[in-house]
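K.L.:
Position in the sequence shown (first residue = 1) + 91 = the numbering used here.
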Amino acid sequence: MVATWVSTNLRFQYRLFTHPGLLFGLFILQIIIVVALSASVMRLSTGVAALLFLLYSALTGLTFSSLFIVYTDEQIASVFWVAAGMFLLMSLVGLLLKRDMSGAGGIILMLLLGWIVAWFFSILFNLSEINWLLTFIGIALFAGLTAWDTQRLKKMGQQLDDHPARGGLIVMGALSLYLDFINLFLLLLRASSRN
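#1: Given that a residue counts as buried once 16 or more other Cβ atoms are within 10 Å of its Cβ, and exposed if not, what is Ile230?
#2: Could you tell me whether the Cβ atoms of Ser129 and Met263 are closer together than 8 Å?
#3: Going by C-alpha to C-alpha distance, which of Asn100, Leu158, Leu114 and Asp271 sits closest to Ile199?
#4: Does the distance from the CB of Ala238 to the CB of Gly176 come in under 8 Å?
#5: Measuring only the C-alpha atoms, how far is Ser267 from Leu120?
#6: Within 10 angstroms of its Cβ, does Arg281 collect 16 or more other Cβ (buried), or is it exposed?
#7: Taking Phe178 as the reference, which of Ile261, Tyr269 and Ser284 has the closest Cα?
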C-alpha cells in the first residue's frame, strides 16, 4: 500500500529519489529494525514487536516504490500474483509435509549464505551471466526457505502455548515469512525482465 501511494504521489517521489542518501538511509534503517527485532524478541511486548514489524513493512513500501519506475504496473501485478501463488504452494508443502525438514533447513541456510556471497561478488565485478543464474538459484532457495519456515513455525506454534515471549515470537515468524515472500517476489520480478 505504501509503495502504491508513493508511486502516485509525484512530489513525494521527487523528494525520495532525488536524495540518494535518503533511500540508502531507509534501507539501512530496515536492516537495523530487523536486527533489533531479532535480537530483542524475547524481551519485547507483543505490541512493540508488532509495531516494529509494521514500521519495517512501511519502510519496505517506501523503498519498493522505486520498482514502479523500473517496471510497469502490469509486470509488478502479474509477478506479485505468481509470487503469491508460489508462496502459498510452498507454505502448503511446509504445512502438510509429514517429513521433518529440520536437516534441510540447515542446508538451505548454508546455501543461502553462499548465495549472498556469490550475489555480492557478481554485482561487485559486474558478472551479468552469473547474476542471471543466481536469480534462478535464489528463487529455488527462497521457495525452499518458505516451506522450511512454515514447517518450523508450525512446530514452534504447537510448543508456545504458555511461553512468555509467545507474541514476540509470532511476530518474528511473520517477519520470516514476509522476508521469504519479499525476496521471492523481487527475484521473480528480476527474472521477468532481463534488462
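Note that CB positions come from ideal geometry on N, CA and C, so glycine has one too.
From a predicted model like this one, the values you see are computed outputs, not experimental measurements.
P.N.:
Let me lay it out:
#1: Here the question's residue 230 lines up with position 139 in the sequence shown. Ile230 is buried by the Cβ-count criterion.
#2: In the sequence shown, counting from the first residue as 1, residue 129 sits at position 38. In the sequence shown, counting from the first residue as 1, residue 263 sits at position 172. Yes, Cβ-Cβ distance for Ser129 and Met263 is below 8 Å.
#3: Counting from one through the sequence shown, the residue named residue 199 turns up at place 108. Per the Cα distances, Asp271.
#4: Residue mapping note: residue 238 aligns to position 147 of the sequence shown, counting from 1. Residue mapping note: residue 176 aligns to position 85 of the sequence shown, counting from 1. Not in contact: Ala238 and Gly176 (Cβ atoms no closer than 8 Å).
#5: On the sequence shown, position 176 is the one that residue 267 refers to. On the sequence shown, position 29 is the one that residue 120 refers to. Looking at the two C-alpha atoms, the distance is approximately 17 Å.
#6: Numbered from its first residue, the sequence shown carries residue 281 at position 190. Counting Cβ neighbours within 10 Å, Arg281 comes out buried, since at least 16 surround it.
#7: For the purposes of this step, residue 178 is identified with residue 87 of the sequence shown, where counting begins at 1. Among Ile261, Tyr269 and Ser284, the Cα nearest to that of Phe178 is on Tyr269.
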